[in-house]
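Student: Number 38 in our numbering belongs to position 36 of the sequence shown; there are no gaps in the numbering.
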Amino acid sequence: MIFHFSETMAHSFVMFFEKEIEAFRAFAKTFPGVSLFLIDTFDDIAGAEKAAIVAKELESEGHRLIGVRIDSGDLVEQSKKV
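1. Any idea if I55 is buried or exposed, counting beta-carbon neighbours within 10 angstroms, 16 or more meaning buried?
2. For T43, is the classification buried or exposed, using 16 other Cβ atoms within 10 angstroms of its Cβ as the cut-off for buried?
3. Quick check on L77: buried or exposed, where buried means 16 or more other Cβ atoms within 10 Å of its Cβ?
4. Suppose you measure from the CA of M11 to the CA of P34; what does that come to, to the nearest Å?
5. Who are the near neighbours of Q80 in its chain, counting only those whose CB is closer than 8 Å to its CB and skipping five residues on each side?
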């Protein structure tokens with residue numbers, strides 16, 4: 003059996019930073035190989051775009067973004083948009 007661990011960010015972590023992308027970068031720096039970003043704190047689509055930017059930065063360092071997390075709203079509709 004193979005286990006894959008990832009770290010997901012808390013709302014409080016995102017809110018600590020002035021800009022969402024700063025939170026993503028700080029989280030990715032701390033958990034470069036197992037990052038999973040929370041993108042619904044401000045705006046889902048804008049958050050997804052910022053997550054994609056940081057994902058590219060991670061890839062340039064040999065890591066991959068595991069994914070994103072959406073916690074509120076119409077999860078089915080939001081996930082389709084993201």
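We put the CB at the ideal spot given by N, CA and C, even for glycine.
Tutor: From the atom records:
1. As a first step, residue 55 is located in the sequence shown; it is residue number 53 there, counting from the start. Per the 10 Å Cβ criterion, exposed.
2. Taking the first residue of the sequence shown as position 1, residue 43 is located at position 41. So T43 counts as buried.
3. Here residue 77 refers to the residue found at position 75 of the sequence shown. The residue in question, L77, is exposed, as its Cβ has fewer than 16 Cβ neighbours within 10 Å.
4. The residue given as residue 11 occupies position 9 in the sequence shown. The residue given as residue 34 occupies position 32 in the sequence shown. Distance between the alpha carbons of M11 and P34 is about 13 Å.
5. The count along the sequence shown starts at 1 and reaches residue 80 at position 78. If we look at Q80 and ignore the five residues flanking it on each side, its Cβ neighbours are D42, D46, I72.
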